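A.B. asks:
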Amino acid sequence: MQRGELAKFDLPDCPGVYLFTQGKGKSKKVLYVGKATSLRDRVRSYFDIELIATRGPRIVDMVTQADGMMHETTPTVLEALVREAALIRHYDPPANTLGKDGKSFLYAVITDEQIPRVLAIRGKDIDFDNLRAGETKLKSTYGPFPSGFQLREALRLIRRIFPFYDTSRPVGEGNKHLQAKVEFNRQIGQYPKDMSKSEYMRSIRNVGMFLAGNVKALRTQLTKDMKAAAKAENFEDAAVMRKQLFALDHVQDVSLIKEDRGEDKAAPRIEAYDTAHLSGTNAIGVMTVIENGVTVKRDYRTFRIQGRGGKSTNDDIASLKEILSRRLGHPEWPMPRAIVVDGGKTHKKAAEDVLSQYQIGIPVAAVVKDDKHRPREVLGALRAGITEADAVLANSEAHRFSITLHRKARSKSMRKG
231 MQRGELAKFD
241 LPDCPGVYLF
251 TQGKGKSKKV
261 LYVGKATSLR
271 DRVRSYFDIE
281 LIATRGPRIV
291 DMVTQADGMM
301 HETTPTVLEA
311 LVREAALIRH
321 YDPPANTLGK
331 DGKSFLYAVI
341 TDEQIPRVLA
351 IRGKDIDFDN
361 LRAGETKLKS
371 TYGPFPSGFQ
381 LREALRLIRR
391 IFPFYDTSRP
401 VGEGNKHLQA
411 KVEFNRQIGQ
421 YPKDMSKSEY
431 MRSIRNVGMF
441 LAGNVKALRT
451 QLTKDMKAAA
461 KAENFEDAAV
471 MRKQLFALDH
481 VQDVSLIKED
491 RGEDKAAPRI
501 EAYDTAHLSG
511 TNAIGVMTVI
521 ENGVTVKRDY
531 RTFRIQGRGG
541 KSTNDDIASL
551 KEILSRRLGH
561 PEWPMPRAIV
571 VDGGKTHKKA
581 AEDVLSQYQI
591 GIPVAAVVKD
601 DKHRPREVLG
611 ALRAGITEAD
621 AVLANSEAHR
631 FSITLHRKAR
641 SKSMRKG
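Here the sequence shown stands for residues 231 to 647, numbered as in this note's numbering.
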């Protein structure tokens, strides 16, 4: 598809979802589904010259293959978010998933319990055939949601309209401390307060309809329930539903708007990993982040290398695998577009093996050093959709950070000794 073809699709300047397609009639297939604060501006961005640097080769290939476009408008970005997830689930577009089957993404789930909870769970932890997540029975699942941050923010916004529990244990279970925490959250309005079982189940029904992307049907259902309550002279219930209808159309999804617009302008998030140790002692691993050529220090993470049996190791490959595995255990952290490691083909392959185990397809670049520890070659930068300069910058920052932390840890250890 070419930029000049966009005019015929008449994309509006409002929130919604868009679908890149290929083919016509029964042979038409959806290649990619996305959401936008402005459909017009977002779709235009796919035809910018720097597309390969900002989105990567996977998206460039998708745009090249596409010959059609569909879109739906939504009143809010929040509604676009859940509609995007519903369409990704329905069409399973090949260009949407970073991994082989989307198991790196988060899903929203409703538990099958006396008092259902609404949780965010990683796809790899869900048994979709038997609707279970570990020992927890599930009533329904929604997603996948490409952005873990946006899913959690969406659940926070939805809960303001339709209250629900998201406790780590089934409601009513746990020690006194946990129960006190639940009661405190009830008092401050974080959890449902003074709701009957039927009222709570109705709230859960509404949450499910919203997460499924059936917001139009939800509005119709709420209007019907409100009229029925008023007819039965249950005016308090009718007033609650009227407020919910108003909130659906006036939700303050500013945080989602900011994140969505930021995706258009920012260069890809790059995570770099490095380790530091002295003969296997005080081994430390780090993760650093750069975006648009700028370090994002609030997202830096440190890992004390545990090694086998809890013992530090001077095995760089094992240490890299450990810190990357521990990082991937945090789906709530934003996923990068590319990962940079220090070393050659062996280190690059080790990182790719860990990502493969988690069924995540994030590309890896490696910075090869000379005998004076200066960058000599960058492997895989083009395929990862990043510049060699950004790969070297990310690697240098990770090395600086790991050395600084290791020196502090070693100094502290020497003082203790």
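In this text, a Cβ means the ideal position worked out from N, Cα and C, and glycines have one as well.
Just so we're clear, the structure is a prediction, and the values are computed from it rather than from any experiment.
1. For Met-471, which residues of its own chain have a beta-carbon under 6 Å away from its beta-carbon, when the five flanking residues on both sides are left out?
2. Check the DSSP bridge columns for Lys-367 and list the partner residues they point to.
3. At the level of alpha carbons, what is the spacing between Gly-253 and Asp-620?
4. Taking just the CA atoms, how far does Glu-314 sit from Ala-442?
5. What is the DSSP secondary structure of Pro-374, counted as helix, strand or coil?
6. Within 8 Å, do at least three Cβ pairs link the segment 373 to 383 to the segment 396 to 410?
7. Taking Cβ positions, are Leu-408 and Arg-449 nearer each other than 8 Å?
8. Counting only runs that start and end within the segment 512 to 560, where is the beta strand (DSSP E) found for 3 or more residues in a row?
9. Indicate whether Leu-385 and Val-348 have their beta-carbon atoms separated by less than 8 Å.
10. Would you mind sorting Val-524 into buried or exposed? The rule is 16 or more other CB atoms within 10 Å of its CB.
11. Where DSSP assigns a beta bridge to Leu-336, which residues make up the other side?
12. Report the rounded CA-to-CA distance for Lys-259 versus Thr-251, giving the unit in angstroms.
13. What is the residue span of the beta strand (DSSP E) that Tyr-430 lies within?
14. Where does Val-247 land, buried or exposed, given buried means 16+ other C-beta within 10 angstroms?
15. Between which two residues does the alpha helix (DSSP H) carrying Gln-252 extend?
16. Per DSSP, which residues does Asp-572 bridge with? Please list them.
17. For Thr-576, which option in Leu-609, His-301, Met-565, His-603 has the closest C-alpha, if you only look at C-alpha atoms?
18. How about Thr-532 and Leu-368: are their beta carbons less than 8 Å apart?
19. Starting from Met-300, trace the beta strand (DSSP E) in both directions and tell me its first and last residue.
20. Are Met-184 and Leu-249 touching if we call contact CB-CB under 8 Å?
21. For Lys-423, does the three-state DSSP call read helix, strand or coil?
22. Cutting at 6 Å between CB atoms, please list the residues of its own chain near Glu-501, excluding the five before and the five after it.
23. Considering only the beta carbon of each residue, do Pro-422 and Phe-394 sit closer than 8 Å?
24. Ordered along the chain, which non-local residues of its own chain (more than five positions away) have a Cβ less than 6 Å from that of His-629?
25. With distances taken Cα to Cα, identify the nearest neighbour of Leu-308 among Asp-424, Arg-362, Ser-268.
26. What separation, rounded to the nearest whole angstrom, lies between the Cα atoms of Thr-294 and Lys-265?
27. In three-state DSSP terms, what is Leu-609?
28. Between the Cα of Val-412 and the Cα atoms of Leu-381, Ser-426, Ser-433, Thr-397, which residue gives the shortest distance?
29. Between the alpha carbons of Ala-611 and Arg-288, how many angstroms are there, rounded?
30. If I measure Cβ to Cβ from Ala-460 and keep anything under 6 Å in the same chain, skipping five residues before and after, which residues do I get?
31. Would you give the residue range spanned by the beta strand (DSSP E) that Tyr-262 belongs to?
32. On the premise that Ala-595 lies in contact with Lys-551, defined as a C-beta separation below 8 Å, what is that separation, rounded to the nearest angstrom?
33. Relative to the C-alpha of Leu-623, which candidate in Phe-277, Arg-499, Ser-275 has its C-alpha closest?
34. Compute the Euclidean distance between the alpha carbons of Phe-392 and Ser-433, then round it to the nearest angstrom.
35. From what residue to what residue does the alpha helix (DSSP H) around Arg-270 run?
36. Could you name the residues that DSSP lists as bridge partners for Ile-500?
C.D. replies: Let's see:
1. So the list reads Leu-452, Asp-455, Met-456, once near-sequence residues are dropped.
2. Arg-362
3. Rounded to whole angstroms, Gly-253 and Asp-620 show a C-alpha spacing of 37 Å.
4. Looking at the two C-alpha atoms, the distance is approximately 10 Å.
5. Under the three-state reduction of DSSP output, Pro-374 falls in the strand class.
6. No, the segment 396 to 410 is not in contact with the segment 373 to 383.
7. no
8. 531 to 534
9. Result yes, Cβ atoms of Leu-385 and Val-348 sit closer than 8 Å.
10. exposed
11. The partner list for Leu-336 (beta bridge, DSSP) reads Arg-352, Phe-375.
12. CA-CA distance, Lys-259 to Thr-251, rounds to 6 Å.
13. No beta strand (DSSP E) contains Tyr-430, which is instead part of the alpha helix (DSSP H) from 427 to 441.
14. Val-247 counts as buried, since no fewer than 16 other beta carbons sit within 10 angstroms of its beta carbon.
15. From DSSP, Gln-252 is part of no alpha helix (DSSP H) but of the beta strand (DSSP E) over 246 to 252.
16. Val-597
17. Nearest in C-alpha terms to Thr-576, of all of Leu-609, His-301, Met-565, His-603, is Leu-609.
18. no
19. 298 to 303
20. Here the chain has residues from 231 to 647 only, and residue 184 is not among them.
21. In the structure shown, Lys-423 sits in coil (DSSP, three-state: anything other than H, G, I, E or B).
22. Met-517, Val-519, Pro-566, Ile-569
23. yes
24. Asp-504
25. Ser-268
26. Using only the alpha carbons, I get a separation of about 20 Å.
27. strand
28. Thr-397
29. 14 Å
30. Ala-468
31. 259 to 266
32. At roughly 17 Å, the Cβ-Cβ gap does not stay under 8 Å, so Lys-551 and Ala-595 are not in contact.
33. Arg-499
34. 5 Å
35. Unbroken alpha helix (DSSP H) run through Arg-270: 269 to 275.
36. Ile-520, Ala-568
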